[in-house]
Amino acid sequence: MEEEKFQMPVRRRNFSSFFNPFSLLIRYTICKTFYKNEAITMTDRERIRRIQSGEPEQMNELIETYYQEIFQYCYSRTGRESAAYDCAQETFLRVIRYLNRYVEQKKFRAYLFGIARSVCIDFFRKKAEAELGYEDGYEERLREEDFADQVSEQVMLQKAMQCLKPEQREVLDLSYFHGLKAREIAYVTGEKTATVKSRIRQGLKNLKTILEEEGYRWNG
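For the sequence shown, my numbering assigns the number 1132 to the initial residue and increments by one for each residue that follows.
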């Protein structure tokens, strides 16, 4: 399959406002409700079958469907728009290269996030940017973006997220901001589903405590 047939979207959006401590539970509920639609998964499977059967134009539909979400995820991991763009593009290039390895029993969305996660890890390894890890990514985004009236809230969430263990921070990001179910997160991270659920519960508990100690009321 020739990679040059597929053109990545170039739109870039400001996702900093996506991280609002007051909207965590609302976003979580919306995501969980939306992604219960199994028709989306079935459509993905049909598209993949068609791609594998010689209809490469169907790949453009998959890219259009998931590009913004994968970009958001890469942005949350790297903290930089340019890096997120590169990682999102590399994610879909890998999907194109290795689509024949996709196992149909696995949901394509979880499969896609697994690739994106690996790409982000490779990004930091290749660039030797250990000093700009998951925590510092939030700090750099705070310097680069204009938060207007939400500055104080973003700073508070940034500090709270920094206080969480990396494994708790990652599962909350995948669950709350990307709507993945526990079993899908387990596939992405390579952990057991029970472990993922435990990290989500503990991460929420810790985040609630941190935010309330700083004066934010948590109604979750």
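Glycine residues also receive a C-beta, built at the ideal position from the N, C-alpha and C atoms.
Treat the numbers as computed from the prediction; the structure is a model and nothing was measured.
Worksheet item: Going by C-alpha distance, which of Glu1221, Lys1290, Met1190 is nearest Leu1342?
Response: It is Lys1290 whose Cα lies nearest to the Cα of Leu1342.
Worksheet entry | Asp1304 - containing alpha helix (DSSP H), residue span | Looking at the DSSP string, Asp1304 is not in any alpha helix (DSSP H), and its letter there is neither H nor E.
Item to complete: In angstroms with no decimal places, state the Cα-to-Cα distance between Phe1149 and Leu1193.
Response: The pLDDT assigned to Phe1149 is 43, lower than 50, so where the model puts this residue is not dependable; a value taken from the coordinates is nonetheless given after this. Answer to the nearest angstrom: the Cα atoms are 23 Å apart.
Worksheet item: Near Ile1182, what residues of its chain come up, given a Cβ to Cβ distance below 6 Å and the 5 sequence neighbours on each side ignored?
Response: Gln1189, Met1190
Item to complete: If I'm right that Thr1326 touches Arg1314 with Cβ under 8 Å, what's the distance once you round it to whole angstroms?
Response: Thr1326 to Arg1314, Cβ: 11 Å. No contact.
Worksheet item: Hey, Thr1209 and Phe1239: beta-carbon distance below 9 Å or not?
Response: no
Discussion item. Using a Cβ-Cβ cutoff of less than 7 Å, which residues in the same chain neighbour Glu1251 once the five nearest sequence positions on both sides are dropped?
Written reply: Looking at the sequence shown, residue 1251 is not Glu but Cys. Once the five neighbours on either side are set aside, the close Cβ partners of Cys1251 are Cys1205, Arg1208, Thr1209, Cys1218.
Practice prompt. Ignore the nearest five residues each way along the sequence and tell me which others in Met1173's own chain have a CB closer than 7 Å to its CB.
Written response: In this prediction, Met1173 scores a pLDDT of 47, lower than 50, which makes its location untrustworthy; no coordinate-derived value is stated.
Discussion item. Give me the residue from Lys1296, Ile1316, Ser1306 with the minimum Cα distance to Ile1246.
Written reply: Ile1246 has its Cα closest to that of Ile1316, out of Lys1296, Ile1316, Ser1306.
Worksheet entry | Tyr1242 beta carbon less than 9 Å from that of Phe1223 | no
Worksheet item: From Glu1177 to Lys1339, what distance separates their C-alpha atoms?
Response: 41 Å
Practice prompt. Would you mind giving the Cβ-Cβ distance between Asn1337 and Gln1293, rounded to the nearest angstrom? I have them listed as a contact below 8 Å.
Written response: Contact flag wrong, Cβ pair sits at about 12 Å.
Worksheet item: CA-CA distance, Arg1225 and Ala1214?
Response: 16 Å
Item to complete: With a threshold of 16 other CB atoms inside 10 Å of the CB of Val1319, please say whether the residue is buried or exposed.
Response: buried
Practice prompt. Can you tell me the Cβ-Cβ gap for Phe1244 and Leu1311, rounded? I've got them flagged as a contact below 8 Å.
Written response: 7 Å
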